[in-house]
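Residue numbers (my numbering): 87 to 261. The next block holds one structure in the form of structure tokens; read it before the comments.
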Amino acid sequence: DIDNNGYLDKNDFECLALRNTIIEGRGNWDDKAYANNQKIMSDLWNEIATLADFNKDGQVTVEEFKQAIQKNCSGKSYADFPRAFKTFIADSFKTIDVNGDGLVGVDEYRLDCISRAAFANIKEIDDAYNKLLSEEDQKAGGICLTRYQDLYAQFISNPDESSNANYLFGPLTVV
87 DIDNNGYLDK NDFECLALRN TIIEGRGNWD DKAYANNQKI MSDLWNEIAT LADFNKDGQV
147 TVEEFKQAIQ KNCSGKSYAD FPRAFKTFIA DSFKTIDVNG DGLVGVDEYR LDCISRAAFA
207 NIKEIDDAYN KLLSEEDQKA GGICLTRYQD LYAQFISNPD ESSNANYLFG PLTVV
């Protein structure tokens, strides 16, 4: 919900096309990239609306989105997710991988975390990042797209609250 109106709709995906174009261009503008992102995001919205807009009002509420995730992704591996969710996850990775090196390093993870929530201590962010890392991630210097996709699938599908994938979006707080 990029426009913060409380639900997903076509406007969110139009805004994402612009956002992704600017992020991919590292601040530079490219009309062709924007046209491509508009097409991708329009297709993505149409597929998500098909999967999740149960009452067909042109809006996907949090509850509808949760139901769609439950129905289409829970208990499945990333490979078995609907195309729309795979596209969303890949695009999420691209926006987090700010330097475009194909890895989410601790610096990029920190930026992503602080864009989602407020933190008073960098150690809690770094500790959460370190919990995500496998031995291969440590050797590579960060989390690659394939690993991110796997972690995302675990985050959605694994009910185990101690799963390291639960740190994908930042430190966990006790509620």
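Quick reminder that beta carbons are idealized off the backbone N, C-alpha and C, glycines included. Fair warning: this is a prediction, and the values are worked out from it, not measured in the lab.
heavy atom of the ligand NAD below 6 Å from residue i C-beta
i, result
"D166", "The ligand NAD is not part of this structure, which contains no ligands at all."
Length of the line joining the Cα atoms of residue i and residue j
i, j, result
"S249", "Q240", "8 Å"
"D195", "R105", "For the record, residue 195 in the displayed sequence is Tyr; it is not Asp. Rounded to the nearest angstrom, the two C-alpha atoms are 18 Å apart."
"L94", "I109", "21 Å"
"S163", "T173", "15 Å"
"T181", "N141", "31 Å"
"G111", "L197", "18 Å"
"Q224", "T232", "15 Å"
"F205", "P257", "9 Å"
"D187", "D116", "20 Å"
"G113", "V184", "11 Å"
"L218", "D246", "15 Å"
"N77", "K96", "No answer is possible for residue 77: the residues shown for the chain start at 87 and end at 261."
"A121", "S178", "19 Å"
"V148", "K157", "14 Å"
"S201", "E222", "27 Å"
"C199", "K125", "28 Å"
"Q153", "G144", "16 Å"
"G191", "N123", "25 Å"
"D193", "Y215", "10 Å"
Proximity below 7 Å, CB of residue i to CB of residue j
i, j, result
"L130", "F99", "yes"
"C159", "F151", "no"
"A165", "M127", "no"
"G228", "L189", "yes"
"I155", "Q235", "no"
"A170", "I211", "no"
"D87", "C101", "no"
"L237", "A251", "yes"
Buried or exposed by the 16-neighbour rule on C-beta atoms within 10 Å, applied to residue i
i, result
"D139", "buried"
"V146", "buried"
"N91", "exposed"
"D213", "exposed"
"N207", "exposed"
8 Å contact criterion, which residue i and residue j should meet: CB distance rounded
i, j, result
"G161", "S243", "5 Å"
Delimiting residues of the alpha helix (DSSP H) encompassing residue i
i, result
"Q156", "148-158"
"V192", "192-202"
"K118", "117-138"
"R112", "No alpha helix (DSSP H) holds R112; DSSP gives it neither H nor E."
"E210", "208-218"
"L231", "231-243"
Neighbour flag for residue i against chain D, beta carbons, 7 Å
i, result
"L94", "No chain D is part of this structure, which consists of one protein chain only."
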